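>
Residue numbers (this note's numbering): 11 to 168.
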């Protein structure tokens, strides 16, 4: 629910929410494909030798998690689409004004903390590793660029 209401926009009626759920269900195969690709990379890394064991295990875990979560999400959405009572209850819960405001506040706080942590990491990494410094710097700048771009897009849409 953290990203759902902020990404898909408001649903004022049950029919609008039904359409949003149908759009969400179309993205589930992309998640499944990502999980399968991660598992495939894991299998390839397992064959390459011991030094890649950690990455192989991490990719296997991420892949299985994506595959499992997307399968559960698919079944969950399908069950909601079949039951009008569940559909209405979930719509009201997801688009409740308090929940929407909590999500927005959480997104804002997480973004601000991400920038502060990135800055601290850059300060510390500057003493030890320029590669880590530049990686963190690029990520912080990417965050700002994405923020500005998305803000401009939303400014035109609203």
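The C-beta atom is built at its ideal place from N, Cα and C for all residues, glycine as well.
If you're wondering where the values come from, they're calculated on a predicted model, not measured in any experiment.
Rounded to whole angstroms, what's the CA-CA distance from residue 51 to residue 87? Just pull it up for me.
Counting from 1 along the chain shown, the entry for residue 51 is found at position 41. Counting from 1 along the chain shown, the entry for residue 87 is found at position 77. Distance between the alpha carbons of residue 51 and residue 87 is about 29 Å.
> Output needed for residue 80: all residues of its chain with C-beta closer than 6 Å, excluding positions within five of it in sequence on either side, in chain order.
One-based indexing of the chain shown puts residue 80 at position 70. Here the set comprises 38, 41 and 42.
> The alpha helix (DSSP H) that contains residue 48, what's its start and end?
By 1-based counting over the chain shown, the position of residue 48 is 38. 24-58 is the span of the alpha helix (DSSP H), which, as asked, contains residue 48.
> What does a CB cutoff of less than 6 Å around residue 44 pick up in its chain, not counting 5 residues either side in sequence?
Taking the chain shown and counting its residues from 1, one reaches residue 44 at position 34. Excluding sequence neighbours, residue 44 sits near 76.
> Would you call residue 5 buried or exposed, if buried means 16 or more other Cβ atoms sit within 10 Å of its Cβ?
A query on residue 5 cannot be resolved here, the shown segment of the chain reaching from 11 to 168 and no further.
> From which residue to which residue does the alpha helix (DSSP H) around residue 21 run?
On the chain shown, position 11 is the one that residue 21 refers to. Run containing residue 21: none; DSSP gives neither H nor E here.
> Mind listing, in chain order, the continuous beta strand (DSSP E) runs of no fewer than 3 residues lying wholly within the stretch 92-127?
none
> Would you report the Cα separation of residue 139 and residue 149, rounded to the nearest angstrom?
Translated into the one-based positions of the chain shown, residue 139 becomes position 129. Translated into the one-based positions of the chain shown, residue 149 becomes position 139. Cα-Cα distance, rounded: 16 Å.
> Out of 160, 96 and 31, point me to the one whose CA is closest to residue 84's CA.
Along the chain shown, read from residue 1 onward, the residue named residue 84 stands at position 74. Among 160, 96 and 31, the Cα nearest to that of residue 84 is on 31.
> By the DSSP assignment, the alpha helix (DSSP H) with residue 141 in it spans what residues?
Here the question's residue 141 lines up with position 131 in the chain shown. Segment 140-167, the alpha helix (DSSP H) holding residue 141.
> Count the other CB atoms within 10 Å of the CB of residue 69; is the residue buried (16 or more) or exposed (fewer)?
The residue labelled residue 69 in the question sits at position 59 within the chain shown. Buried.
> Would the beta-carbon of residue 126 fall within 8 Å of that of residue 135?
The residue you call residue 126 lines up with position 116 of the chain shown. The residue you call residue 135 lines up with position 125 of the chain shown. For residue 126 and residue 135, no; Cβs fall outside 8 Å.
> Output the distance between the C-alpha atoms of residue 152 and residue 90, rounded to the nearest integer angstrom.
Here residue 152 is taken as the residue at index 142 of the chain shown, counted from 1. Here residue 90 is taken as the residue at index 80 of the chain shown, counted from 1. Approximately 37 Å between the Cα atoms of the pair.
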